[in-house]
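In UniProt numbering, the protein residues as written are 1 to 332.
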């Protein structure tokens with residue numbers, strides 16, 4: 001299991017904050033620039049205010065991505081903006097032109113940092129989720145269409161979101177068996193779920209019309225609605241190779257149980273089909289991908305105790321996952 005180093009407690013977070021402050025010099029900012037922690041998930045994200053200019057600084061966790069993988073992420077998000085008109089944040093290089101900056105963490109391994117422009121907008125409104133998911137479906141299809149045709153750089157490297165990443169010997173987010181509240185009863189239900197997901201996804205296959213470069217984390221927190229200007233997409237840190245329908249499962253992260261989710265999924269499909277074809281046999285597996293993502297998130301919550309949302313959801317998310325799993329396994 002990969003250990004999430006930002007789960008190491010207040011001492012680790014204090015060091016990461018120190019890295020963020022030292023990054024100001026590397027980016028040519030004033031030593032008085034205000035650095036404010038926004039959230040801790042895979043990485044730590046900060047807002048930086050310097051003389052009326054606002055930017056976003058991402059301090060990477062250790063061992064998750066190589067500099068080459070980070071550069072590959074930045075290459076795709078910029079190509080999406082330049083080639084497909086998708087609203088993504090611009091990368092703000094350091095004065096020496098570096099897009100990925102390495103900052104010392106005295107006594108420990110240095111950390112990689114990236115600075116982005118600050119995009120306007122807010123998460124999709126709670127009372128407009130169905131309408132926004134239709135727009136999101138169309139946007140996701142534009143991203144997939146671009147990914148299929150894009151000639152990526154020779155050095156491009158990103159990981160996969162497949163069965164091995166989820167359930168293999170070294171699962172990326174840890175084992176769901178180690179999730180919070182996974183007792184004997186929950187283990188039995190979720191083991192049946194894993195077996196069914198394996199069966200269905202192995203049958204579904206990885207053909208080029210079903211599997212390719214995806215964002216992999218299009219949840220509400222990573223979408224910025226700016227009036228009628230469209231939806232901005234941030235945080236490509238998890239982008240990689242995966243099933244295209246996984247992007248829908250990720251978009252429903254943490255809210256899979258809500259009664260409006262079937263309507264949101266239907267709206268997403270309508271939007272998607274306004275740009276790309278989505279065969280009926282693919283549509284029939286939508287809940288397979290929603291549950292695949294949900295089981296991954298049971299593992300993520302168990303291995304990311306420092307993340308605020310993990311603390312909020314806790315064992316209750318596992319219990320809800322079991323209830324959804326029973327419905328999925330029964331065909332309802």
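Glycine included, every Cβ here is placed at the ideal spot set by N, Cα and C.
Treat the numbers as computed from the prediction; the structure is a model and nothing was measured.
Endpoints, beta strand (DSSP E) assigned at residue i
i: residue 223; result: 223-225
i: residue 214; result: 211-214
i: residue 241; result: 240-243
i: residue 232; result: 231-233
Through-space distance from residue j to residue i, alpha-carbon basis
i: residue 19; j: residue 266; result: 44 angstroms
i: residue 184; j: residue 38; result: 37 angstroms
i: residue 296; j: residue 176; result: 7 angstroms
i: residue 275; j: residue 197; result: 28 angstroms
i: residue 1; j: residue 173; result: Note that residue 1 scores a pLDDT of 32, beneath 50, so its modelled location is shaky; the value from the coordinates is reported in the next line. Rounded to the nearest angstrom, the two C-alpha atoms are 7 angstroms apart.
i: residue 17; j: residue 40; result: 11 angstroms
i: residue 245; j: residue 147; result: 14 angstroms
i: residue 129; j: residue 107; result: 46 angstroms
i: residue 328; j: residue 316; result: 18 angstroms
i: residue 134; j: residue 247; result: 14 angstroms
i: residue 3; j: residue 94; result: Model confidence at residue 3 stands at a pLDDT of 41, short of 50, so the residue's coordinates are unreliable; what they give is reported in the following sentence. The alpha-carbon atoms of residue 3 and residue 94 are separated by roughly 30 angstroms.
i: residue 386; j: residue 102; result: The question about residue 386 has no answer here: the residues shown for the chain are numbered 1 through 332.
i: residue 191; j: residue 326; result: 11 angstroms
i: residue 42; j: residue 170; result: 17 angstroms
i: residue 29; j: residue 47; result: 13 angstroms
i: residue 202; j: residue 279; result: 18 angstroms
i: residue 149; j: residue 292; result: 27 angstroms
i: residue 318; j: residue 193; result: 13 angstroms
i: residue 314; j: residue 12; result: 22 angstroms
i: residue 119; j: residue 223; result: 10 angstroms
i: residue 85; j: residue 257; result: 33 angstroms
i: residue 27; j: residue 54; result: 13 angstroms
i: residue 15; j: residue 264; result: 41 angstroms
i: residue 312; j: residue 304; result: 12 angstroms
i: residue 111; j: residue 332; result: 46 angstroms
i: residue 81; j: residue 179; result: 37 angstroms
i: residue 123; j: residue 225; result: 6 angstroms
i: residue 259; j: residue 187; result: 25 angstroms
i: residue 100; j: residue 320; result: 39 angstroms
i: residue 74; j: residue 151; result: 14 angstroms
Given residue i as reference, the closest of the options once Cα atoms are compared
i: residue 382; options: 41, 43, 31 and 58; result: With the chain running from 1 to 332 in the structure shown, residue 382 is simply not present.
i: residue 57; options: 77, 24, 210 and 104; result: 24
i: residue 104; options: 82, 60 and 116; result: 60
i: residue 72; options: 237, 198 and 45; result: 237
i: residue 76; options: 311, 91, 64 and 62; result: 91
i: residue 109; options: 68, 129, 63 and 78; result: 63
i: residue 114; options: 282, 275, 68 and 253; result: 68
i: residue 168; options: 97, 117, 299 and 263; result: 299
i: residue 324; options: 154, 285 and 189; result: 189
i: residue 153; options: 314, 52 and 79; result: 79
i: residue 35; options: 134, 120, 21 and 15; result: 21
i: residue 282; options: 211, 234 and 87; result: 211
i: residue 144; options: 303, 44 and 277; result: 277
i: residue 273; options: 138, 156 and 207; result: 138
i: residue 294; options: 65, 166 and 118; result: 166
i: residue 121; options: 234, 270, 112 and 303; result: 234
i: residue 131; options: 271, 179 and 322; result: 271
i: residue 156; options: 65, 331 and 320; result: 65
i: residue 45; options: 117, 126, 124 and 97; result: 117
i: residue 232; options: 140, 208 and 100; result: 140
i: residue 87; options: 70, 33, 302 and 142; result: 142
Start-to-end residues for the alpha helix (DSSP H) that takes in residue i
i: residue 320; result: 308-329
i: residue 248; result: 246-251
Short CB-CB distance (under 9 angstroms) between residue i and chain D
i: residue 309; result: Absent from the structure: chain D. Only one protein chain is present.
Exercise. Could you tell me whether the region 149-166 touches the region 225-244, where touching means 3 or more Cβ pairs closer than 8 angstroms?
Key: The answer is yes - the region 225-244 touches the region 149-166, with three or more Cβ pairs under 8 angstroms.
Quiz item: What runs of the alpha helix (DSSP H), each 4 residues or longer, lie entirely inside the region 256-305?
Solution: If one requires a minimum length of 4 residues, the alpha helix (DSSP H) runs lying completely within the region 256-305 are 261-273, 280-283 and 286-303, in chain order.
Self-check item: beta strand (DSSP E) segments (min. 3 residues) lying fully within the region 73-121
Solution: Fully enclosed beta strand (DSSP E) runs of 3 or longer: 101-105 and 108-117.
Quiz item: Between the region 244-264 and the region 215-229, are three or more C-beta pairs nearer than 8 angstroms?
Solution: As far as the Cβ criterion goes, the region 244-264 touches the region 215-229, which means the pair count is three or higher.
Quiz prompt | Completely contained beta strand (DSSP E) runs for the region 24-61, where each covers 3 or more residues | solution = Those beta strand (DSSP E) runs which fall completely within the region 24-61 and span 3+ residues are 34-40, 44-50 and 53-59.
Exercise. Would you check if there are 3 or more beta carbon pairs closer than 8 angstroms linking the region 307-316 to the region 277-296?
Key: In this structure the region 307-316 does not touch the region 277-296; the number of beta carbon pairs closer than 8 angstroms is below three.
Self-check item: Inside the region 140-189 only - alpha helix (DSSP H) runs reaching at least 4 residues
Solution: Runs found: 163-167.
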